[in-house]
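> If you count by the working numbering, then the sequence shown holds residues 1 to 278, one letter each, in order.
Ideal Cβ placement from N, Cα and C applies to all residues, glycine included.
Just so we're clear, the structure is a prediction, and the values are computed from it rather than from any experiment.
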Amino acid sequence: MDSHVNHTEEDMEATCVRGGATDGKSARTEPNKIIVFHVRIPHSLQKAKILYRREKSTGGSLGLARIEDLNVILVDWQKGAKAPNYYQAVANTRTVGAMIGRLLEDLKAHAGAEFETFHLVGHSLGSHIMGYAGKEAYRLTNVKVGRITGLDPAGPAFESYSHYVRLDALDANFVDVIHTDAESLISTGFGIRCSIGHVDFYPNGGQHQPGCPEETLDDFSTVTCSHIRVLDFFTNSISKCRYDPPGDNGKVCTMGYHTDSTCRGDFYPMTTATQPFC
Numbered sequence: 001m002d003s004h005v006n007h008t009e010e011d012m013e014a015t016c017v018r019g020g021a022t023d024g025k026s027a028r029t030e031p032n033k034i035i036v037f038h039v040r041i042p043h044s045l046q047k048a049k050i051l052y053r054r055e056k057s058t059g060g061s062l063g064l065a066r067i068e069d070l071n072v073i074l075v076d077w078q079k080g081a082k083a084p085n086y087y088q089a090v091a092n093t094r095t096v097g098a099m100i101g102r103l104l105e106d107l108k109a110h111a112g113a114e115f116e117t118f119h120l121v122g123h124s125l126g127s128h129i130m131g132y133a134g135k136e137a138y139r140l141t142n143v144k145v146g147r148i149t150g151l152d153p154a155g156p157a158f159e160s161y162s163h164y165v166r167l168d169a170l171d172a173n174f175v176d177v178i179h180t181d182a183e184s185l186i187s188t189g190f191g192i193r194c195s196i197g198h199v200d201f202y203p204n205g206g207q208h209q210p211g212c213p214e215e216t217l218d219d220f221s222t223v224t225c226s227h228i229r230v231l232d233f234f235t236n237s238i239s240k241c242r243y244d245p246p247g248d249n250g251k252v253c254t255m256g257y258h259t260d261s262t263c264r265g266d267f268y269p270m271t272t273a274t275q276p277f278c
């Protein structure tokens, strides 16, 4: 598990050790983001790093480190997610989530971190890891983390199962979810279809995303295109794009990084087919 903390222009890396939280001032006073992306999919972890720190020269949206003074921890669990055994990776999500939950407890106990300042972000299986992390942190402290964002949470082995074994609105004070590949597995969909957060966004209907090629089993990149597109939506929502779909009651809720914690229900924003997708 690597941590990247925004105290200087250079990324600082450290191994997280139980009981080893020492930077109490920053943990207490700055927002804290913990990010888990699905490392079984090529380039997913690299996209997490782009989300953290995107250079101005790229012409894209600015990364978190350039718009806000905060602490960011990127969780690398590639050994636990190693292909080809998907169901072993599913089982491992509980272990990784429990470890993160205990890290949160440490930060609260030893560094004085306020749980309300924590925002856990997970993609695919990482979404459910964050659900487990929230559950474990609450079990240990009886306090919920502030926010969990699920980026196209994985569907296989989680769809139709109890909220105890997947991400759920009960896991944080606010849970927002973005669905971009919410089709059945037989249709090569990787994402969960049901609404599981306080607010759920289904951009472009939440299934096949504009600009993605027709899925063929001969080309894995075509199968994962819609599933990964959510990473671009969330990253671009930080500073470049606003996705503001109206709901059934006329209320407008912004999808992505700036989602308001009062949003409730399902929303269906439309995007373009090319970068930056807004």
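#1: In angstroms, rounded to a whole number, what distance separates the CA positions of residue 91 and residue 106?
#2: Classify residue 255 as helix, strand or coil using the three-state DSSP reduction.
#3: Please check the pair residue 197 and residue 180, which I expect to be a contact at CB under 8 Å, by giving their CB distance rounded to whole angstroms.
#4: Put residue 132 into one of helix, strand or coil per three-state DSSP.
#5: Can you tell me the Cα-Cα spacing of residue 115 and residue 199, whole angstroms?
#6: What does a CB cutoff of less than 6 Å around residue 244 pick up in its chain, not counting 5 residues either side in sequence?
#7: Should residue 189 go down as buried or exposed, given a rule of 16 or more other Cβ atoms within 10 Å for buried?
#8: Ordered along the chain, which non-local residues of its own chain (more than five positions away) have a Cβ less than 7 Å from that of residue 40?
#9: Name the DSSP bridge partner or partners of residue 149?
#10: Can you have a look at residue 270 and say buried or exposed, based on whether 16 or more other CB atoms are within 10 angstroms of its CB?
#11: Using the C-alpha atoms, what's the distance from residue 213 back to residue 120?
#12: Quick check on residue 202: does DSSP put it in helix, strand or coil?
#13: For my contact list, residue 123 and residue 93 are in at a C-beta cut-off of 8 Å; report their separation, rounded to the angstrom.
#14: Any idea what DSSP makes of residue 158, helix, strand or coil?
#15: When you compare only the Cα positions, how much space is there between residue 224 and residue 139?
#16: Would the beta-carbon of residue 148 fall within 8 Å of that of residue 234?
#17: State the Cα-Cα distance for the pair residue 228 and residue 272, rounded to the nearest angstrom.
#18: On the DSSP letters alone, give me the boundaries of the alpha helix (DSSP H) that residue 72 sits inside.
#19: Tell me the rounded alpha-carbon separation between residue 164 and residue 276.
#20: Is residue 55 helix, strand or coil when you go by DSSP?
#21: Figure out for me which residue from 194, 97, 183 has the closest Cα to the Cα of residue 176.
#22: Under a three-way DSSP split, which group does residue 33 fall into?
Walking through what the data contain:
#1: If you number the sequence shown from 1, residue 91 lands on position 91. If you number the sequence shown from 1, residue 106 lands on position 106. The straight-line gap from Cα to Cα measures roughly 24 Å.
#2: Numbered from its first residue, the sequence shown carries residue 255 at position 255. Residue 255 falls in the strand class under three-state DSSP.
#3: The count along the sequence shown starts at 1 and reaches residue 197 at position 197. The count along the sequence shown starts at 1 and reaches residue 180 at position 180. 14 Å between Cβ atoms; not a contact.
#4: What you label residue 132 is simply residue 132 of the sequence shown in a count that begins at 1. Residue 132 falls in the helix class under three-state DSSP.
#5: In the sequence shown, residue 115 corresponds to position 115, counting from 1. In the sequence shown, residue 199 corresponds to position 199, counting from 1. Residue 115 and residue 199 have their C-alpha atoms roughly 20 Å apart.
#6: Taking the first residue of the sequence shown as position 1, residue 244 is located at position 244. Closer than 6 Å at the Cβ level, and outside the excluded window around residue 244, lie 252, 254.
#7: Here the question's residue 189 lines up with position 189 in the sequence shown. With at least 16 other beta carbons inside 10 angstroms of its own, residue 189 counts as buried.
#8: The count along the sequence shown starts at 1 and reaches residue 40 at position 40. Confidence at residue 40 is low in this model, with a pLDDT of 45, below 50, so the placement of that residue should be treated as unreliable; the coordinate-derived value is given next. Hits under 7 Å: 81, 83, 89.
#9: Residue numbering aside, residue 149 sits at position 149 when the sequence shown is read from its first letter. Residue pairing from DSSP places residue 149 in a beta bridge opposite 121, 176.
#10: For the purposes of this step, residue 270 is identified with residue 270 of the sequence shown, where counting begins at 1. By the neighbour-count criterion, in which a residue is buried when 16 or more other Cβ atoms sit within 10 angstroms of its Cβ, residue 270 is exposed.
#11: Numbered from 1 along the sequence shown, position 120 holds the residue referred to as residue 120. Numbered from 1 along the sequence shown, position 213 holds the residue referred to as residue 213. Approximately 31 Å, taken between the alpha carbons.
#12: Looking up residue 202 in the sequence shown gives position 202. Note: residue 202 maps to coil in three-state DSSP.
#13: Residue mapping note: residue 123 aligns to position 123 of the sequence shown, counting from 1. Residue mapping note: residue 93 aligns to position 93 of the sequence shown, counting from 1. Contact doesn't hold; Cβ gap of about 12 Å is too wide.
#14: Translated into positions along the sequence shown, residue 158 becomes position 158. When DSSP states are grouped into helix, strand and coil, residue 158 belongs to the coil group.
#15: Against the sequence shown, residue 224 aligns to sequence position 224. Against the sequence shown, residue 139 aligns to sequence position 139. About 35 Å.
#16: Position 148 of the sequence shown, counted from the start, is the residue given in the question as residue 148. Position 234 of the sequence shown, counted from the start, is the residue given in the question as residue 234. No, Cβ-Cβ distance for residue 148 and residue 234 is not below 8 Å.
#17: In the sequence shown, residue 228 corresponds to position 228, counting from 1. In the sequence shown, residue 272 corresponds to position 272, counting from 1. If you take the alpha carbons of residue 228 and residue 272, they lie about 15 Å apart.
#18: On the sequence shown, position 72 is the one that residue 72 refers to. Counting along the chain, no alpha helix (DSSP H) covers residue 72; the unbroken beta strand (DSSP E) around it starts and ends at 71-75.
#19: Walking along the sequence shown from the start, residue 164 turns up at place 164. Walking along the sequence shown from the start, residue 276 turns up at place 276. Take the alpha-carbon of residue 164 and the one of residue 276: they are about 36 Å apart.
#20: Walking along the sequence shown from the start, residue 55 turns up at place 55. Any reading at residue 55 must be qualified, since the residue scores a pLDDT of 44, below 50, and its modelled position is unreliable; the value itself is stated next. DSSP places residue 55 in the coil class of the three-state scheme, outside both helix and strand.
#21: Reading the sequence shown from its first residue, position 176 is the one you call residue 176. When the alpha-carbon of residue 176 is set against those of 194, 97, 183, the nearest one is in 194.
#22: To locate residue 33, count along the sequence shown from 1; it is residue 33. DSSP places residue 33 in the strand class (E or B) of the three-state scheme.
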